[in-house]
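FYI, this note's numbering numbers position 146 of the sequence shown as 149, with every residue one higher than the one before it. Heads up, the thing below is written out as structure tokens.
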Amino acid sequence: MEISVIGCGYLGAVHAASMVELGHEVVGIDVDERRVAALRAGRAPFYEPGFEELLGRTLASGRLRFSADVAEAAGARVHFVCVGTPQRHGEYAADLRFVQAAVESLLGVLEPGQLVVGKSTVPVGTAARLAGLVAEKVPGALLAWNPEFLREGFAVADTLHPDRLVYGLPGGVDGALAERLLDAVYAPILARGTPKVRTDHATAEMVKTAANSFLATKISFINAMAELCEATGADVAQLADAIGYDERIGRRFLNAGLGFGGGCLPKDIRAFMARAGELGADQALTFLREVDNINMRRRIRMVELAREVLDGSLLGKHVAVLGAAFKPDSDDIRDSPALNVAAQLQLQGAVVCVTDPAAIDNSRRQWPQLDYAATAEEAAAGADAVLVLTEWRQYRELDPVAFGRVVAQRRVLDGRNALDREAWTAAGWTYRALGRRTD
Ligand code: UGA
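In structure tokens, the structure reads:
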């Protein structure tokens, strides 16, 4: 099937190449000429394990092309909208400018019988409004909403092997036609028995924001427990293991630490609250404000813990920060808890040197006043304390004995509960972590 993908960021670029892998012929459209040039040349414009290999393979098949001209989308049977919906400046609500512009740009090429499929995360009600616009301008063209659940760092696997497909369909015969087209797009995935939920526009939009809100709540729940553990001397990691054995609870997303960041969870829970307010149902989501508060408090607590470990003052202390990306296997620093803590330490007088396997260039652009080093050893040379704030494998696997030789003081703060406490303590390190016992 001929497919177009509008917006070639994280979601769109991976989706475009993955659709070729499923057997389709795809054109990826993006307004950013440099991004288009990079993708055409087989270069990933962001760090994502496995994506460049997939891009190379699918470009070589001759069935994938990229363009900055939306006219190239003409003739495609299905048009995926994969543009971003960031948080609006100074507000909680989502900025829908890019989604609106993408759909409007498609109106010029859209023909009856073709399907526009929204994948971006949008406030509930957006799809119905856009479906009205499409129906008015191009009678016979259809619109469905098909949210995406990919995680950065696992984007390729999550796109090719999703745990479910959600179709938000229009009513009546239009819905049946849209479903047939989506089934044809995802045929190899459906053939594996992947669950499919067919529903209306509003439910499909809400599935996405509800899922991210649940994940954020789960993380903040365990971080609230960490606060209590700190107050009582209990251990949050053992607590998480113990409650996680209950299948109704589950151990995943119960890792206490610095909390969630990135381009999705924080802005999605805020946009969800804003939308609930517009709908007169704000009470239903007031708990998300507390989820957000618990999450932000972890960053402040980390700075306090650093101050405690550094004998009560950050002034002039050399601090090594390992990790800048919002999570491992990503170069994304949007709302990164690690960078946020690094910047706060620096602003409060510490001399901070940051390292990260993938996110240094992005971090330097945002925080040029921090020092950066290429490796953990360079960052930690002569340090009074080491903070592990993003749990990259490289840092989890550091040898505490050898690493202990480069620092001035063996003090480590494990912001992600990712290190082997016994091994670090045995190597003479003072080990501290959020929500953990100090002994
Ligand atoms: C998240 C969702 O997991 C995806 O399903 C969704 O598709 C995506 O947002 C999106 O909306 O596009 P992502 O932002 O890539 O994916 O990252 P996650 O793996 O969810 O991690 C989010 C944050 O939570 C990270 O900062 C991570 O360090 C933190 N986290 C995660 C914890 O603090 N504890 C945990 O136990 C798990």
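All C-beta atoms in this analysis are idealised placements derived from N, C-alpha and C, irrespective of residue type, glycine included. A quick note: this is a predicted structure, and the numbers were derived from the prediction, not measured.
| query | So what's Ile192 in DSSP terms, helix, strand or just coil? | reply | Locating residue 192 in the sequence shown gives position 189, where the first residue counts as 1. In the structure shown, Ile192 sits in a helix (DSSP, three-state: H, G or I).
| task | In the DSSP assignment, find the unbroken beta strand (DSSP E) run with Ile6 in it and report its ends. | result | Residue numbering aside, residue 6 sits at position 3 when the sequence shown is read from its first letter. Element bounds for Ile6: 5–9.
| query | So what does DSSP say about Thr358, is it helix, strand or coil? | reply | On the sequence shown, position 355 is the one that residue 358 refers to. Of the three classes helix, strand and coil, the one that applies to Thr358 here is strand, per DSSP.
| message | Here's the rule I'm using: 16 or more other beta-carbon atoms within 10 Å means buried, otherwise exposed. How should Asn296 be labelled? | response | Taking the sequence shown and counting its residues from 1, the one referred to as residue 296 is at position 293. By the 10 Å Cβ count, Asn296 comes out exposed.
| Taking 7 Å as the cut-off, is the CB of Val230 close to at least one heavy atom of the ligand UGA? | Counting from one through the sequence shown, the residue named residue 230 turns up at place 227. As written in the sequence, residue 230 is Glu, which differs from the Val given in the question. No, since every heavy atom of the ligand UGA falls outside the 7 Å radius drawn around the Cβ of Glu230.
| query | Once you ignore the five residues that flank Arg413 on each side, which residues in its own chain have a CB closer than 6 Å to its CB? | reply | If you number the sequence shown from 1, residue 413 lands on position 410. Within the same chain, Arg413 has close Cβ partners Gly407, Gly431, Trp432.
| Element boundaries [alpha helix (DSSP H), containing His366] | Residue 366 sits at position 363 when you count from the first residue of the sequence shown. According to the sequence as given, residue 366 is Ser; it is not His. Note, Ser366: alpha helix (DSSP H), 363–369.
| said: I'd like to know whether the C-beta atoms of Val30 and Ser70 end up nearer to each other than 8 Å. | reply: Position 27 of the sequence shown, counted from the start, is the residue given in the question as residue 30. Position 67 of the sequence shown, counted from the start, is the residue given in the question as residue 70. Taking 8 Å as the Cβ cut-off, Val30 and Ser70 qualify as a contacting pair.
| field | Distance cut-off 7 Å: Cys11 Cβ against heavy atoms of the ligand UGA | value | Locating residue 11 in the sequence shown gives position 8, counting from the first residue. No - the ligand UGA has no heavy atom lying nearer than 7 Å to the Cβ of Cys11.
| query | Between which two residues does the alpha helix (DSSP H) carrying Glu28 extend? | reply | Here residue 28 corresponds to residue number 25 of the sequence shown, with the count starting at 1. Where Glu28 is concerned, there is no enclosing alpha helix (DSSP H), although the beta strand (DSSP E) it sits in stretches over 28–32.
| query | Going by the C-beta, is Asn149 closer than 7 Å to any heavy atom of the ligand UGA? | reply | For the purposes of this step, residue 149 is taken as the residue at position 146 of the sequence shown. No, the beta carbon of Asn149 sits no closer than 7 Å to any heavy atom of the ligand UGA.
| Which residue comes first and which comes last in the alpha helix (DSSP H) that contains Val73? | In the sequence shown, residue 73 corresponds to position 70, counting from 1. Val73 -> no alpha helix (DSSP H), and no H or E assigned at all.
| task | Reducing DSSP to helix, strand and coil, say where Asp161 ends up. | result | The residue labelled residue 161 in the question sits at position 158 within the sequence shown. Three-state DSSP puts Asp161 in a helix.
| task | Give me whichever residues DSSP pairs with Trp148 in a beta bridge. | result | Taking the first residue of the sequence shown as 1, we reach residue 148 at position 145. According to DSSP, Trp148 bridges with Gly121, Gly171.
| field | Alpha-carbon to alpha-carbon, Arg183 and Val176 | value | The sequence position of residue 176 within the sequence shown is 173, counting from 1. The sequence position of residue 183 within the sequence shown is 180, counting from 1. Those two C-alpha atoms are separated by around 11 Å.
| message | Given 7 Å as the limit, tell me if Glu208 has its C-beta closer than that to any heavy atom belonging to the ligand UGA. | response | Here residue 208 is taken as the residue at index 205 of the sequence shown, counted from 1. The answer is no for Glu208.
| task | Go ahead and label Val294 buried or exposed: buried means 16 or more other beta carbons lie within 10 angstroms of its beta carbon, across all protein chains shown. | result | The residue you call residue 294 lines up with position 291 of the sequence shown. Classification of Val294: buried, given that the 10 Å Cβ count is 16 or more.
| said: What residue range does the beta strand (DSSP E) around Tyr434 cover? | reply: Against the sequence shown, residue 434 aligns to sequence position 431. Counting along the chain, the beta strand (DSSP E) containing Tyr434 begins and ends at 433–436.
| Under 8 Å between the Cβ atoms of Ile222 and Gly264? | Residue mapping note: residue 222 aligns to position 219 of the sequence shown, counting from 1. Residue mapping note: residue 264 aligns to position 261 of the sequence shown, counting from 1. Result no, Cβ atoms of Ile222 and Gly264 do not sit closer than 8 Å.
| field | Beta-carbon gap between Arg292 and Met276 smaller than 8 Å | value | Sequence index remark: in the sequence shown, residue 292 carries index 289 (1-based). Sequence index remark: in the sequence shown, residue 276 carries index 273 (1-based). Contact flag set, yes.
| request: Taking only heavy atoms of the ligand UGA into account, decide whether any of them is closer than 7 Å to the Cβ of Cys267. | output: Translated into positions along the sequence shown, residue 267 becomes position 264. True, at least one ligand heavy atom lies under 7 Å from that Cβ.
| query | How many Å lie between Val125 and Ile272 at the Cα? | reply | Position 122 of the sequence shown, counted from the first residue, corresponds to residue 125. Position 269 of the sequence shown, counted from the first residue, corresponds to residue 272. Spanning the two alpha carbons is a distance of roughly 12 Å.
| Residue nearest to Lys330 in terms of C-alpha spacing, selected from Arg46, Glu51, Glu281 | Here residue 330 corresponds to residue number 327 of the sequence shown, with the count starting at 1. Closest option to Lys330, Cα to Cα, is Glu51.
| field | Cβ shell of Ala105 (< 7 Å), same chain only, five flanking positions each side left out | value | The residue given as residue 105 occupies position 102 in the sequence shown. Same-chain partners within the cutoff: Ile9, Gly10, Val84, Val86.
| query | Is Phe275 near the ligand UGA, with its Cβ less than 7 Å from a heavy atom? | reply | Along the sequence shown, read from residue 1 onward, the residue named residue 275 stands at position 272. Answer for Phe275: no, Cβ out of range of the ligand UGA.
| field | Continuous alpha helix (DSSP H) stretch holding Phe290: start and end | value | Counted from its first residue, the sequence shown places residue 290 at position 287. 289–312 is the span of the alpha helix (DSSP H), which, as asked, contains Phe290.
| Leu416 vs Ala388 beta-carbon contact at 8 Å | The sequence position of residue 416 within the sequence shown is 413, counting from 1. The sequence position of residue 388 within the sequence shown is 385, counting from 1. Their beta carbons are under 8 Å apart, which means Leu416 touches Ala388 by this criterion.
| said: I want to see whether chain D comes within less than 8 Å of Pro331, judged by CB atoms only; does it? | reply: Considering every chain present, this structure includes no chain D. It has just one protein chain.
| message | Suppose the cutoff is 6 Å on Cβ atoms and the five residues either side in sequence are ignored; what does the same chain contact list for Arg66 look like? | response | As a working mapping, residue 66 is identified with position 63 in the sequence shown. Excluding sequence neighbours, Arg66 sits near Val23, Glu28.
| task | Taking 8 Å as the cut-off, decide whether the C-beta atoms of Val322 and Ala309 are in contact. | result | Taking the first residue of the sequence shown as position 1, residue 322 is located at position 319. Taking the first residue of the sequence shown as position 1, residue 309 is located at position 306. Yes, the Cβ-Cβ distance between Val322 and Ala309 is below 8 Å.
| request: Since I believe Val344 is in contact with Val306 (beta carbons under 8 Å), could you give me their beta-carbon distance rounded to a whole number of angstroms? | output: As a position in the sequence shown, residue 306 is number 303, starting the count at 1. As a position in the sequence shown, residue 344 is number 341, starting the count at 1. Right, the Cβ-Cβ distance comes to about 6 Å (below 8 Å), so this counts as a contact.
| Rounded to whole angstroms, how far is the Cβ of Val239 from the Cβ of Ile225, which I believe are closer than 8 Å? | Taking the first residue of the sequence shown as position 1, residue 239 is located at position 236. Taking the first residue of the sequence shown as position 1, residue 225 is located at position 222. Indeed, because the Cβ distance is near 7 Å, the residues count as touching under 8 Å.
| query | alpha helix (DSSP H) containing Asp203: first to last residue? | reply | Position 200 of the sequence shown, counting from 1, holds the residue named residue 203. Where Asp203 is concerned, there is no enclosing alpha helix (DSSP H), although the beta strand (DSSP E) it sits in stretches over 199–203.
| query | Of all the options Ala179, Ala274, Val34, which has the alpha carbon lying nearest to the alpha carbon of Glu94? | reply | Counting from 1 along the sequence shown, the entry for residue 94 is found at position 91. Here the closest residue by C-alpha is Ala274.
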